[in-house]
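A short write-up of the structure that comes next.
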Amino acid sequence: MVMGSVVIGYVLLLILLPIGQLVHSTFGQGWSGFQRALLNPSALFSMKLTITLALLTAVINTVAGTISAYVLVRYPLPGKKILNAMVDLPFAIPTAVSGLMLLVMFGPKSILGGALQAKGIEVVYAPPGIVLAMIFVTFPFVIRSVQPILEDMGVEMVEAAKILGAGRWQTFFRVVLPTILPGILSGFTLTFSRALAEFGSVVMVAGNIPYKTQTAAVFIYGEIESGNLNNAGTVSLLLLILSFLLLFYQNYLLNRQRFGWWQRLLAKAGMGRKGKNSEFENWAI
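Just so you know, we're using UniProt numbering here: the sequence shown kicks off at 1 and counts up by one.
This is the structure we're talking about:
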């Protein structure tokens, strides 16, 4: 009973009370003040840019992270332990340092940055730099979400599918992918949510250029510095609501009973040929 009260108090103090204070502060000037801040062109641009680039980052890291996790688990690579440990480096490196590394690597005075700039490709102080920063700081999420599932899965299910006559791609889509799908969805959500809020590395690589590289987090910081707490609170609340919606939707999808849609989708797409591999089809479904 005492421990339960401590946990509830801890959650209230660290999560619910700050959220409540943010909502109260945002609507301090009433609904008209919130609407005025919401329709601020700079705020709208920063939200659109952030959501677009965070979504792109999540898609890239979901694909790359799933492949990386599969390779780390299934293939005997040289220096595998060192490589596996290096995956967590973005967690350990301060985000400002991450931004500085990317700035040095892709800056106009660097070899790579100079070569890209000569071809008309802007990275630093441009949206591509924001994407690179987001990709770097969120890279481990999908790998660490999928990797434990693959390790627990072992090779027995894959071997059973092969014995029943399934091909390589059929085995992947009907056996491996449905098993790791919860981890993929979890990693995607974490990556997207983390990219939405990224500040340190983004401001180092892309700066704070309105209507070009000003992300939502950078916009919030600028509004706080200018004393426009209502604008900062409105954008913060929108990011918070978006993160909550993603979290609830993820929990909905992670209910294993919901993954029947994947098998039905594959059946409609014809992943299993009628009259062949029927024993595998029955086993997989």
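Backbone N, C-alpha and C define an ideal beta-carbon position, used for all residues, glycine too.
Open item on the list: Using a Cβ-Cβ cutoff of less than 7 Å, which residues in the same chain neighbour Phe219 once the five nearest sequence positions on both sides are dropped?
Closed with: If we look at Phe219 and ignore the five residues flanking it on each side, its Cβ neighbours are Ser42, Ala43, Ser46 and Val235.
(message) Just to confirm the assignment, what range does the alpha helix (DSSP H) spanning residue 322 have?
(response) Any property of residue 322 remains undetermined from this structure, which presents the chain solely from 1 to 285.
### Query
Between the segment 167 to 174 and the segment 28 to 37, are three or more C-beta pairs nearer than 8 Å?
Judged by Cβ distances under 8 Å, the segment 167 to 174 makes no contact with the segment 28 to 37, as fewer than three pairs qualify.
query: In three-state terms, what does DSSP make of Gln21?
result: It is helical.
Check: In chain order, which continuous runs of the alpha helix (DSSP H) of length 4 or greater are located wholly inside the segment 178 to 247?
Finding: Complete alpha helix (DSSP H) runs here, min 4: 200 to 206 and 216 to 226.
**Report entry** Distance between Leu116 and Leu240 (C-alpha atoms, nearest Å)
**Finding:** For the pair Leu240 and Leu116, the Cα-to-Cα distance works out to about 36 Å.
Q) What residue range is occupied by the uninterrupted alpha helix (DSSP H) comprising Ser110? A) For Ser110, there is no enclosing alpha helix (DSSP H), as DSSP marks it with neither H nor E.
Next item on the list: Starting from the C-beta of Phe141, find all residues in its chain whose C-beta is less than 6 Å away, skip the five residues before and the five after it, and write them out in chain order.
Entry: Within the same chain, Phe141 has close Cβ partners Gly187, Leu190 and Thr191.
Self-check item: For Val63, the three-state DSSP class (helix, strand or coil)
Solution: Correct three-state label for Val63: helix.
TODO: With Tyr10 as the anchor, note down where its alpha helix (DSSP H) starts and where it stops.
DONE: First-last of the alpha helix (DSSP H) with Tyr10: Val2 to Val11.
**OP:** Pull up the CB-CB distance for Ala232 and Ile224, whole angstroms please, since I reckon it's below 8 Å.
**Re:** Taking C-beta atoms under 8 Å as the contact rule, Ala232 and Ile224 qualify, at a distance of about 5 Å.
Helix, strand or coil: which one does DSSP assign to Leu253?
Leu253: helix per DSSP, three-state reduction.
Original post:
Using the rule of at least 16 other Cβ atoms within 10 Å of the residue's Cβ for burial, across every protein chain shown, is Ser5 buried or exposed?
Top reply: Note on Ser5: under 16 other CB atoms within 10 angstroms of its CB, so exposed under the neighbour-count rule.
ask   = Can you tell me where the alpha helix (DSSP H) with Leu89 in it begins and where it stops?
value = Note, Leu89: alpha helix (DSSP H), Leu89 to Ala92.
- Mind checking whether Leu102 and Phe136 have CB atoms under 8 Å apart? Taking 8 Å as the Cβ cut-off, Leu102 and Phe136 qualify as a contacting pair.
- Task: Quick one: measure Cβ to Cβ for Val23 and Leu237, integer angstroms, because I've assumed they're closer than 8 Å.
- Result: Contact flag correct, Cβ pair sits at about 7 Å.
From which residue to which residue does the alpha helix (DSSP H) around Asn84 run? Here the alpha helix (DSSP H) through Asn84 covers Lys80 to Met86.
**Prompt:** Should Ala133 and Glu198 be called a contact, given that it needs their Cβ atoms to be closer than 8 Å?
**Reply:** For the 8 Å CB-CB criterion, Ala133 and Glu198 form a contact.
Same chain, Cβ closer than 6 Å to Ile143, five either side skipped, listed in chain order: Gly65, Ser68, Ala69 and Val87.
- Own chain partners of Met153 with C-beta closer than 6 Å, once the 5 adjacent residues on each side are dropped: Apart from the 5 residues on each side of it in sequence, Met153 sits with its Cβ closer than 6 Å to the Cβ of Thr179 in its chain, given in chain order.
Can the beta-carbon of Gly183 be found closer than 8 Å to that of Val146? For the pair Gly183 and Val146, the CB atoms are nearer than the 8 Å cut-off.
Exercise for the section: Given a cut-off of 8 Å, decide if Val131 and Val157 are closer than it, judged by their beta-carbon atoms. Expected result: Checking the sequence shown, residue 157 turns out to be Met, not Val. In this structure, Val131 does not lie closer than 8 Å to Met157 by Cβ.
Check: Helix or strand or just coil, what does DSSP make of Lys119?
Finding: The DSSP-derived three-state label of Lys119 is coil.
Checklist entry - For Asn230, which residues of its own chain have a beta-carbon under 6 Å away from its beta-carbon, when the five flanking residues on both sides are left out? => result Once the five neighbours on either side are set aside, the close Cβ partners of Asn230 are Gln29, Gly33 and Ala37.
Within a Cβ cutoff of 7 Å, which residues of the same chain sit near Leu56, ignoring the five residues on either side of it in sequence?
These residues qualify, in order along the chain: Val131.
Q. Near Tyr211, which residues of its chain fall below 6 Å by C-beta distance, leaving aside the five closest residues on each side in sequence?
A. The answer, listed in chain order, is Phe45.
Item to check | Option nearest Asn251 by Cα separation, candidates Gly200, Gln214 and Leu181 | outcome: Looking at the Cα atoms, Leu181 is the closest of the given residues.
>> Suppose you measure from the CA of Val71 to the CA of Glu159; what does that come to, to the nearest Å?
In response: Rounded to the nearest angstrom, the two C-alpha atoms are 17 Å apart.
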